Amino acid sequence: MSTIGLLFVINEPPAAMEEELNAWYDTDHIPERLAIEGFLSAERYVSADHDRRYLALYDLSEVGVLHSPAYMAFAGENFTPWTRRVVSRTKVTRIEATQIYPGDAMAMSAPRFLVLRFDGIDAAAASLVTEGAKHCFASAPGVKQLRVFEGKGEDTGTFLVIVGGIGNLESLIDPGAFAGAAGALVTTESYLPYRA
268 MSTIGLLFVI NEPPAAMEEE LNAWYDTDHI PERLAIEGFL SAERYVSADH DRRYLALYDL
328 SEVGVLHSPA YMAFAGENFT PWTRRVVSRT KVTRIEATQI YPGDAMAMSA PRFLVLRFDG
388 IDAAAASLVT EGAKHCFASA PGVKQLRVFE GKGEDTGTFL VIVGGIGNLE SLIDPGAFAG
448 AAGALVTTES YLPYRA
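Residue numbering for the sequence shown follows the numbering used here, starting at 268 and increasing by one per position.
Right, dumping it as structure tokens:
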């Protein structure tokens, strides 16, 4: 079973802070996180569907890294003043998860990404999300990578499907393929790689 963890973070800054948010990520936050043992990669994306919405994906050796002493030395009360400023003024959505498909795959680069978020899924329905995602994307033209994640801790019941590829990935979604989990699909959003 995969141990690859994921920290999924969406930031929505006010217009006046957008430039500062990007400078903070590029020069402070990403380097700080990548220096923490267990952080394997950090990639940023900008929404193709919404203004001023940014996605950061951090691959982790395991989701427990987010509760390790090394991480906690930089989290919460230990935020830098700049981190405290940015986080306090930005709408943040944060999800901790473990990869359940396709094993220990790390994030691949692609010109476009699609994120599907399911909420309120119990463990018994996890296979519906995975099988539905495989049906829609696993061998579809233009898809370079498909990864499925299961939320952990406070995020239990949340599932993320992350698809990297080219073209209109949203057109590949077949809600019927997710069977009983289709009603729990709360978000579909396209992203482009962030370029500083």
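Glycine included, each C-beta is placed from N, C-alpha and C at the ideal position.
These figures come from a predicted structure and were not determined experimentally.
Inter-residue spacing [alpha-carbon to alpha-carbon] between residue i and residue j
i	j	result
THR347	LEU427	30 angstroms
THR357	PRO408	37 angstroms
LEU459	SER314	6 angstroms
THR455	PHE404	14 angstroms
VAL453	PRO442	12 angstroms
THR365	ALA372	11 angstroms
ALA309	ALA390	28 angstroms
GLU344	SER438	43 angstroms
VAL415	GLY447	17 angstroms
VAL332	GLY272	8 angstroms
GLU421	ASP386	12 angstroms
ARG319	LEU307	26 angstroms
TRP349	GLU398	42 angstroms
ARG384	ALA282	26 angstroms
Start-to-end residues for the beta strand (DSSP E) that takes in residue i
i	result
GLU363	358–368
GLY418	410–418
ILE303	Taken as a continuous stretch (DSSP letters only), ILE303 belongs to no beta strand (DSSP E), as it is neither H nor E.
ASN435	It is not in any beta strand (DSSP E) - ASN435 carries neither H nor E in the DSSP assignment.
Under 9 angstroms between C-beta atoms of residue i and residue j
i	j	result
TYR321	TYR312	yes
VAL382	ILE388	no
GLU329	ILE367	no
LEU274	GLU363	yes
ILE433	LYS411	yes
ALA393	ALA451	no
Terminal residues of the alpha helix (DSSP H) in which residue i lies
i	result
GLU329	Here GLU329 belongs to no alpha helix (DSSP H), and DSSP marks it neither H nor E.
TYR338	336–339
ASN289	285–291
GLU217	In the structure as shown, the chain starts at 268 and stops at 463, and residue 217 therefore has no counterpart that could be examined.
Exposed unless 16 or more other CB atoms sit within 10 angstroms - verdict on residue i
i	result
HIS296	buried
ASN435	exposed
ASN278	buried
LEU301	exposed
ARG379	buried
In DSSP terms, what residue i is bridged to
i	result
GLU456	VAL382
ARG311	ALA323
VAL353	Beta-bridge pairing links VAL353 to no other residue.
GLU279	LYS358
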